[in-house]
């Protein structure tokens, strides 16, 4: 009789933990694979500084790099040096693919203004009017 | 005879319970340290290329000229570039301040940097006065001789 009323020995429930590391490791791999690193090299430039610089969404961005070589302007789009007169066509093409295109101007601070002036002229012709002038955010300009 | 009964060899165990914690820590570490490159910049909307010109009362346009040495003139008044924001705020707080359009006109061989810092100053002025931003980039002028 007695054994029917005997306490059932309760074994402490355990969750198998040996696989959690695999799960997290999989997560790690997943994040490493899905993060896209920017591959565009651009030109070697020294960006200007600005106090009111704001964060820009990188989603619809295309970069136009402006540098100079002597008194000649050097413009690079998608890591290709392009003549200034060609910018309109390239941007127009990009604009057709993505109508919400924002052009990010990465210009060296020491470039003469006329080069960027000509680039702006090309952008206006391509009807790409949303432009961001890249500048380092600083708290005080030296 | 002394036959020792073979001792059962205990399997060595590596505790695996904490392995998950270690990898999780790694995950957090990589998430935190990988900096998604954020871009900073000044946004501007260029004027449309239109056949008909929009007429703006010329008294509402404030011409900000920059020469190749970086000297700034607001309506022909020489202004130190660091005080462009103050000067602009002064103008914006005038009775007709709401309708003012600032037009930046650099000369062709002015440095890009000069334009940016004046543009920056004007942006600050608009931000501080909380007015709708009206800054336009005009085509470059020829350098004066």
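Chains as they are written, first to last, in my numbering: chain A, 1 to 142; chain B, 1001 to 1145. Note that the Cβ used here is the ideal one computed from N, Cα and C, for glycine as well.
Asked                                                                                                                          : Found
Contacting residues, own chain, Cβ-Cβ under 6 Å from residue 1141 of chain B (five flanking each side not counted)             : 1105 and 1107
Residue 24 of chain A: contacting residues in chain B (beta-carbon distance under 7 Å)                                         : 1020, 1023, 1024 and 1027
Residue-chain proximity (residue 107 of chain A, chain B), Cβ-Cβ < 8 Å                                                         : yes
Inter-residue Cα distance where the pair is residue 1073 of chain B and residue 114 of chain A                                 : 19 Å
8 Å Cβ cut-off: residues of chain A touching residue 1045 of chain B                                                           : 129, 130 and 131
Close Cβ partners of residue 1134 of chain B (< 6 Å) along its chain, the five nearest in sequence each way excluded           : 1101
Bridge partner(s) assigned by DSSP for residue 68 of chain A                                                                   : A/73
Other residues of its chain near residue 36 of chain A: CB distance less than 7 Å, five sequence neighbours each side excluded : none
Cβ-Cβ separation, residue 1118 of chain B to residue 1064 of chain B (assumed contact under 8 Å), whole Å                      : 6 Å
Any chain A beta carbon closer than 8 Å to residue 1136 of chain B                                                             : no
Paired residues, beta bridge with residue 80 of chain A - DSSP                                                                 : A/77
Outcome for residue 117 of chain A when other beta-carbon atoms lying within 10 angstroms are tallied against a minimum of 16  : buried
Burial state of residue 30 of chain A (16 or more Cβ within 10 Å)                                                              : exposed
Residue 1039 of chain B, enclosing beta strand (DSSP E) - first and last residue                                               : 1039-1045
Alpha-carbon to alpha-carbon, residue 1017 of chain B and residue 27 of chain A                                                : 18 Å
Sequence-distant residues of its chain with Cβ nearer than 7 Å to residue 84 of chain A (five each side left out)              : 73, 75, 118, 119 and 122
8 Å Cβ cutoff met for residue 1124 of chain B and residue 131 of chain A                                                       : no
For residue 1131 of chain B, the nearest candidate out of B/1139, B/1088 and B/1111 (CA to CA)                                 : B/1088
Per DSSP, the bridge partner or partners of residue 1077 of chain B                                                            : B/1074
is_contact[residue 1073 of chain B, chain A] using C-beta, thresh 8 Å                                                          : no
Neighbour flag for residue 1132 of chain B against chain A, beta carbons, 8 Å                                                  : no
Residue range of the beta strand (DSSP E) that includes residue 131 of chain A                                                 : 130-134
Proximity of residue 1103 of chain B and residue 1136 of chain B at Cβ, strictly below 8 Å                                     : yes
Span separating the alpha-carbon of residue 66 of chain A from that of residue 1078 of chain B                                 : 29 Å
CB contact check: residue 1110 of chain B to chain A, cutoff 8 Å                                                               : yes
Where residue 1048 of chain B falls: helix, strand or coil (DSSP)                                                              : coil
Near-chain B residues of the region 58-75 of chain A (beta-carbon distance less than 8 Å), N- to C-terminal order              : 58, 61 and 66
Chain A contact for residue 1124 of chain B (CB, 8 Å cutoff)                                                                   : yes
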